[in-house]
Each structure stands twice: as C-alpha cells, then as structure tokens.
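Under this note's numbering, the first residue of the sequence shown carries the number 37, and numbering increases by one thereafter.
Glycine included, C-beta positions come from ideal geometry on N, C-alpha and C.
A quick note: this is a predicted structure, and the numbers were derived from the prediction, not measured.
Before any comments, here is the structure.
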Amino acid sequence: MGGASGRPEPGETAYPHRDATFVIDIGTRWTPRHPAGRRPPAAGPDPRPAPYALPRPGGARRIRQLPRPGPHDWQSAYYGDNYARLLDVKRRYDPSGLFHYAQAIGT
C-alpha cells in the first residue's frame with residue numbers, strides 16, 4: 037500500500053496486511069426484484085469456497101463481511117496473530133454482541 041499506511045507493523049493495528057502492493061475493493065448491489073439466478077454468488081448461501089478469496093503470501097486472505105461464512109479459518113486468514121487481541125477488545129466493549137454478522141470477531 038505504501039506511504040504512511042504501510043508503516044505500522046502487522047501487530048500494531050487490527051489490519052495486519054500492510055505489505056500489500058495494492059488493495060482492490062470491488063462492490064456490487066442488487067435489489068429483491070432481481071431474479072435469484074441473476075444475483076451475484078455472494079447473495080445467498082453457497083457451500084463452495086469463494087474462488088475470489090485468493091491466498092496471499094503467508095496464508096492471508098482478504099474477503100470480509102460477505103453474507104456467507106468462509107474461508108474455513110477466516111479468523112487467522114483475515115487478522116493473523118491479531119485475532120486473540122481483537123477478541124479481548126470485542127468482549128470488553130461489545131459484551132452483548134451488538135455488532136454481529138457472519139464473520140464478526142467473536143462469532
């Protein structure tokens with residue numbers, strides 16, 4: 037990512053993947069009017085692994101907040117060694133689970 041955003045060490049922030057050459061953010065939206073066959077694959081349950089969650093060097097992956105769970109070990113894939121620390125923060129500041137989704141810390 038370069039510049040100031042690439043300076044923190046992996047354990048200094050929640051996001052450990054600071055050595056990425058670039059970051060791509062692809063978004064889409066649809067409405068309930070779209071026929072089920074024309075919705076993007078992430079629009080509903082799908083047991084197949086996400087082909088677009090490509091591994092990065094060191095085993096990291098970068099797909100979050102999809103409506104379906106995956107990859108299998110998303111905690112380490114997304115947060116690396118930071119997950120245990122983030123889980124402590126989550127338990128302290130959100131003990132009732134207000135901020136909850138399929139891949140929220142603590143789920």
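Measuring only the C-alpha atoms, how far is residue i from residue j?
| i | j | result |
| --- | --- | --- |
| ARG54 | GLN139 | 21 Å |
| HIS108 | ASN118 | 17 Å |
| TRP110 | ALA40 | 27 Å |
| ASP61 | ALA113 | 17 Å |
| ARG128 | GLU48 | 19 Å |
| ARG100 | ARG43 | Note that ARG100 has pLDDT 48, beneath the 50 cutoff, so the model's placement of it is unreliable and no number is given. |
| ASP130 | ALA120 | 15 Å |
| PRO46 | SER132 | 28 Å |
| GLY142 | PHE135 | 10 Å |
Measure the CB-CB distance between residue i and residue j and report whether it falls below 8 Å.
| i | j | result |
| --- | --- | --- |
| TYR137 | ALA50 | no |
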